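The structure under discussion appears below in the form of structure tokens.
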Amino acid sequence: MFKKVLIIGCGLIGSSILRAINSKKLSKKTFVLEKSKTNISKIKKIKSNCKFIKSINREISDVDLVIICTPMSQYKKIIQRLNKSLKAGCLITDVGSTKQNIIKLKNKILNKKLYWILSHPIAGSEVSGPEYGNKNLFLNKWCVIIKEKKQN
Numbered sequence: 024m025f026k027k028v029l030i031i032g033c034g035l036i037g038s039s040i041l042r043a044i045n046s047k048k049l050s051k052k053t054f055v056l057e058k059s060k061t062n063i064s065k066i067k068k069i070k071s072n073c074k075f076i077k078s079i080n081r082e083i084s085d086v087d088l089v090i091i092c093t094p095m096s097q098y099k100k101i102i103q104r105l106n107k108s109l110k111a112g113c114l115i116t117d118v119g120s121t122k123q124n125i126i127k128l129k130n131k132i133l134n135k136k137l138y139w140i141l142s143h144p145i146a147g148s149e150v151s152g153p154e155y156g157n158k159n160l161f162l163n164k165w166c167v168i169i170k171e172k173k174q175n
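Sequential numbering from 24 applies to the sequence shown in my numbering.
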């Protein structure tokens, strides 16, 4: 179990993760950073038992796990903010489908005190949005964990 989890982006995948965390009681406290007011409204309707935050700041400095569920174009800005806000030893993962650019970005700018586990869940559906999230979206599905080659 985690003490605190932060989900960045809460559409279909992020809201499914949120539902699973709540259902399995995997975190004592869950934070959600979501820009869309429409999505926030939809997430509130599912009684998700989370705290919404407006930015990556000191409030989340002691989270144990960060799950990035945003478009990959946002990663650089997110990583820079996480570097300034997270405690040493925090785990980070993402649900992005491609990894080559993320590996380069991570290796270039991620603070070495933080740990990124490269993964790609093979789950989803033909619909999008938090209203379609499902706590069982990842049940009996594959999740690819990517091992980086050591750089000399």
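Every residue, glycine too, gets a C-beta built ideally from N, C-alpha and C.
As the structure is a computational prediction, the values presented were derived from the model and not from experiment.
Residue i - containing alpha helix (DSSP H), residue span
i	result
S46	35 to 47
I91	Premise fails: I91 lies in the beta strand (DSSP E), 88 to 91, not in any alpha helix (DSSP H).
K68	60 to 68
K100	98 to 108
Rounded straight-line distance, which links the Cα of residue j to that of residue i
i	j	result
K47	F25	11 Å
K131	P153	32 Å
S120	G37	14 Å
M95	Y138	18 Å
K110	S64	30 Å
T93	K99	11 Å
G112	I69	32 Å
V28	K170	23 Å
D85	T61	28 Å
V150	K122	23 Å
V55	K172	32 Å
Y155	L133	32 Å
P144	L162	11 Å
Residue environment, residue i, which counts as buried when at least 16 other CB atoms sit within 10 Å
i	result
L35	buried
I31	buried
I140	exposed
CB of residue i within 8 Å of CB of residue j, strictly
i	j	result
L41	S71	yes
L114	L88	yes
S148	V167	no
D117	I125	yes
I91	I83	no
S108	R81	yes
I101	L128	no
A43	K158	yes
T53	C33	no
S59	L160	no
Delimiting residues of the beta strand (DSSP E) encompassing residue i
i	result
Y138	138 to 140
I83	Segment: none, I83 is in no beta strand (DSSP E) and carries neither H nor E.
L114	114 to 117
S50	50 to 56
I169	Counting along the chain, I169 falls outside any beta strand (DSSP E), and DSSP gives it neither H nor E.
L29	25 to 31
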